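S.K.: First, the structure itself, so that you have it in front of you.
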RNA sequence: GCGGUUGUGGUCUAGUGGUUAGGACGGUAGCUUCCCAAGCUACCUACCCGGGUUCGAAUCCCGGCAACCGCACCA
């Protein structure tokens with residue numbers, strides 16, 4: 003589906019819309035409606051179920067979303083999240099200072115003040131890369147973090163967190179104390195991150211306020227055991243950085259054991275590549291051929307990342323592979339920086355092992371982007387039929403209950419819905435229009451099961467008394483099910499998969 | 001941020017200076033209907049915002065906001 007069509011559909015169904023829409027909207031901000039909010043919750047639940055299911059020592063925490071200035075200074079965001087800019091006075095193009103100064107200062111512009119950058123521009127008579135003019139103005143700093151006044155004096159500064167990972171690092175010492183004092187230790191966060199993006203684009207793909215689900219795994223680099231034999235045979239669709247540099251962009255399917263062979267990628271890293279890949283394939287149900295693990299080269303990845311593969315899915319609405327998550331091996335950069343910044347040594351002594359400053363493996367997941375991807379991948383148009391093939395455990399509304407005839411069967415339908423709700427299954431009753439129209443509405447909202455109450459349900463003399471029709475969304479197949487058995491019949495479909503578990507549907 | 005294009009009910013759209021701003025889909029209510037968007041009736045909802053030109057602006061001009069495409073950007 004094209005971008006515009008998808009946006010229109012999602013808006014019409016109340017999945018999402020621009021924030022402050024009655025004022026004309028606000029760039030980079032979106033609100034979720036009823037369906038979107040539920041879908042997002044279910045995506046987060048599925049993510050938790052999968053990734054926290056990897057170990058009993060992986061825990062979810064919920065941090066404040068404001069970071070005091072010393073934290074972002076230590077993390078590097080105060081200096082590195084600042085992109086010095088150079089503006090051309092002639093053609094008004096804007097460039098990163100790093101780009102303009104590339105030739106005369108290949109080591110980059112980190113640590114330079116705007117005045118120093120301006121001085122270099124003048125001294126070397128640098129020209130605008132676009133029009134060749136020398137009218138390049140002195141850059142002014144632009145930080146992608148939102149800074150806020152804090153406290154009554156207004157002199158303290160805090161920043162909206164630009165990534166949720168910092169919260170995990172900040173809590174590591176506490177988590178070590180309240181936990182079992184073993185490595186690996188996982189600290190997950192699902193929360194908003196905020197970035198003052200220069201150009202928000204593509205709806206949910208670059209927003210100024212967005213939700214990240216991230217798992218930071220702290221581990222001893224000399225000892226990170228994983229059940230590698232469980233994943234060794236998995237074929238991973240990878241694009242290696244060195245292949246790209248050699249001009250080969252295509253996906254290769256490589257066995258996990260081969261990727262980890264010859265000591266090239268650590269087993270713990272490949273293991274988590276597989277688990278991430280399986281999450282996209284088996285939980286979010288993206289077709290395997292649309293998923294790839296895209297390795298970032300030394301130049302492309304952040305300097306503290308030792309290994310980085312982005313998890314990308316091919317999206318029709320955005321015309322190509324898009325990054326929906328990533329696996330970052332960040333080394334000891336984060337705990338090292340915060341150890342220095344706070345003066346609180348973050349190295350630990352696991353039982354029976356020498357003192358170690360833990361390394362970090364980060365599994366990061368963009369919740370909003372993935373919500374979009376689920377619409378892109380699973381909203382299906384066939385002729386005049388539109389249905390959203392969401393996995394049942396992700397569907398905002400699991401069950402629709404319909405009286406075949408509004409008057410005659412309405413009370414019975416409401417009673418069936420109430421019984422499902424008592425059993426913990428959310429069910430909504432729809433009485434408007436014909437039965438076909440209600441099925442169509444339900445299909446478009448991604449509701450996997452329709453329950454129809456008809457004459458036989460309520461007619462005491464009928465052999466089908468007390469049974470209803472259960473309709474499955476994708477196949478449109480129908481079967482007769484006793485009301486008494488409905489909840490137990492449906493419940494397994496609403497449990498999100500866990501790693502190593504079996505699939506319900 | 002730069003350039004281009006665009007902005008009409010919830011959605012898609014007709015309307016190029018004077019229209020009761022039209023249609024389709026949709027929604028609501030009623031009738032009908034015993035299983036896949038049927039039909040009938042009624043109702044609902046719109047010219048992105050602010051200035052200007054004009055006797056008169058959805059329409060022309062300026063500014064703003066927003067979206068899309070390209071560039072740039074995306075620790």
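Numbering (the working numbering), first residue to last: 3 to 507.
Even glycine gets a Cβ: it sits at the ideal position worked out from N, Cα and C.
These numbers were taken from a predicted model, which means no experiment stands behind them.
Where does residue 385 fall in DSSP's three states?
M.R.: Here residue 385 sits in coil by DSSP.
S.K.: Does the stretch 206 to 226 come within contact of the stretch 363 to 376, defined as at least 3 CB pairs closer than 8 Å?
M.R.: The answer is yes - the stretch 363 to 376 touches the stretch 206 to 226, with three or more Cβ pairs under 8 Å.
S.K.: From the DSSP secondary-structure annotation, give me the bridge partner or partners of residue 193.
M.R.: In DSSP, residue 193 forms a bridge with 214.
S.K.: Going by DSSP, name the residue or residues bridged to residue 70.
M.R.: Note: residue 70 sits in a beta bridge opposite 160.
S.K.: Which residues mark the beginning and the end of the alpha helix (DSSP H) in which residue 456 is found?
M.R.: Here residue 456 belongs to no alpha helix (DSSP H), and DSSP marks it neither H nor E.
S.K.: Going by DSSP, which residues form a beta bridge with residue 398?
M.R.: According to DSSP, which records beta bridges pairwise, residue 398 is partnered with nothing at all.
S.K.: Measure the alpha-carbon distance for residue 61 versus residue 36 and round it to whole angstroms.
M.R.: Roughly 28 Å separates the two Cα atoms.
S.K.: Give the straight-line distance between the Cα atoms of residue 302 and residue 296, rounded to the nearest whole angstrom.
M.R.: Spanning the two alpha carbons is a distance of roughly 11 Å.
S.K.: Helix or strand or just coil, what does DSSP make of residue 439?
M.R.: Helix at residue 439.
S.K.: Select from 125, 70, 145 the residue whose C-alpha is nearest the C-alpha of residue 152.
M.R.: That would be 70, whose Cα lies nearest to the Cα of residue 152.
S.K.: Buried or exposed, going by whether 16 or more other CB atoms sit within 10 Å of the CB of residue 356?
M.R.: Burial call: exposed.
S.K.: Report the residue from 486, 12, 349 whose alpha carbon sits nearest the alpha carbon of residue 184.
M.R.: Among 486, 12, 349, the Cα nearest to that of residue 184 belongs to 349.
S.K.: Excluding the 5 residues flanking residue 370 on each side, which residues of the same chain have their C-beta closer than 7 Å to its C-beta?
M.R.: Contacts found: 206, 209, 212, 213.
S.K.: Does at least one heavy atom of the ligand HEM sit under 8 Å from the Cβ of residue 321?
M.R.: Among the components of this structure there are no ligands whatsoever, and the ligand HEM is therefore not found.
S.K.: Could you check what DSSP says for residue 338 in three-state terms: helix, strand or coil?
M.R.: The answer is helix: DSSP assigns residue 338 an H, G or I state.
S.K.: Where does residue 124 fall in DSSP's three states?
M.R.: Here residue 124 sits in helix by DSSP.
S.K.: Looking only at its own chain, which residues have a Cβ that is under 6 Å from the Cβ of residue 80, when we skip the five neighbours before and after it?
M.R.: The residues are 74.
S.K.: So, does the stretch 232 to 239 touch the stretch 185 to 203, judging by three or more C-beta pairs under 8 Å?
M.R.: In short, these stretches do not touch, since the Cβ pair count stays below three.
S.K.: Return the bridge partner residues of residue 59 from the DSSP annotation.
M.R.: Beta-bridge pairing links residue 59 to no other residue.
S.K.: Under 8 Å, with one C-beta from each stretch per pair, do the stretch 398 to 405 and the stretch 316 to 327 reach the 3-pair mark?
M.R.: No, because fewer than three Cβ pairs between the stretch 398 to 405 and the stretch 316 to 327 fall closer than 8 Å, the two stretches do not touch.
S.K.: In its own chain, which residues sit with a C-beta less than 6 Å from the C-beta of residue 458, not counting the 5 before and 5 after it?
M.R.: Excluding positions up to five away in sequence, the list reads 464, 466.
S.K.: Provide the residue span of the beta strand (DSSP E) that contains residue 330, from first to last.
M.R.: Unbroken beta strand (DSSP E) run through residue 330: 322 to 333.
S.K.: Residue 282 and residue 258 - do their beta-carbons sit closer together than 9 Å?
M.R.: Contact: no.
S.K.: Just tell me which of 264, 195, 438, 334 has its CA closest to the CA of residue 66.
M.R.: The candidate whose alpha carbon is nearest that of residue 66 is 195.
S.K.: What is the DSSP secondary structure of residue 496, reduced to helix, strand or coil?
M.R.: Helix.
S.K.: In three-state DSSP terms, what is residue 288?
M.R.: DSSP places residue 288 in coil when its eight states are reduced to three.
S.K.: State buried or exposed for residue 25, treating a residue as buried only when at least 16 other CB atoms are found within 10 Å of its CB.
M.R.: Exposed, because fewer than 16 other Cβ atoms sit within 10 Å of the Cβ of residue 25.
S.K.: Once DSSP output is grouped into helix, strand and coil, what is the label at residue 391?
M.R.: Of the three classes helix, strand and coil, the one that applies to residue 391 here is coil, per DSSP.
S.K.: Output the residue ranges of the beta strand (DSSP E) runs that lie fully inside the stretch 5 to 53 and measure 3 residues or longer, sorted by chain position.
M.R.: Segments of the beta strand (DSSP E) lying fully in the stretch 5 to 53: 18 to 20, 32 to 34.
S.K.: Identify whether residue 488 lies in helix, strand or coil by the three-state DSSP scheme.
M.R.: Residue 488 falls in the helix class under three-state DSSP.
S.K.: Identify every run of the alpha helix (DSSP H) within the stretch 247 to 324, keeping only runs that are complete inside it and at least 4 residues long; order them along the chain.
M.R.: Taking only runs of at least 4 residues, the alpha helix (DSSP H) segments lying wholly in the stretch 247 to 324 are 258 to 261, 269 to 280.
S.K.: I think residue 31 touches residue 21, with their Cβ atoms under 8 Å apart; what is that distance to the nearest whole Å?
M.R.: Correct: roughly 4 Å between the Cβ atoms.
S.K.: Can the beta-carbon of residue 193 be found less than 9 Å from the beta-carbon of residue 163?
M.R.: In contact: residue 193 and residue 163 (Cβ atoms closer than 9 Å).
S.K.: Alpha carbons only, please: which of 280, 414, 378, 171 is nearest the one belonging to residue 334?
M.R.: Comparing Cα-Cα distances from residue 334 to each of 280, 414, 378, 171, the minimum goes to 171.
S.K.: Who are the near neighbours of residue 448 in its chain, counting only those whose CB is closer than 7 Å to its CB and skipping five residues on each side?
M.R.: Excluding sequence neighbours, residue 448 sits near 390, 392, 397, 398.
S.K.: Excluding the five sequence neighbours on either side, which residues of its own chain have a C-beta within less than 7 Å of the C-beta of residue 309, listed in chain order?
M.R.: Counting only Cβ-Cβ distances below 7 Å, and skipping sequence neighbours, we find 267, 271, 331.
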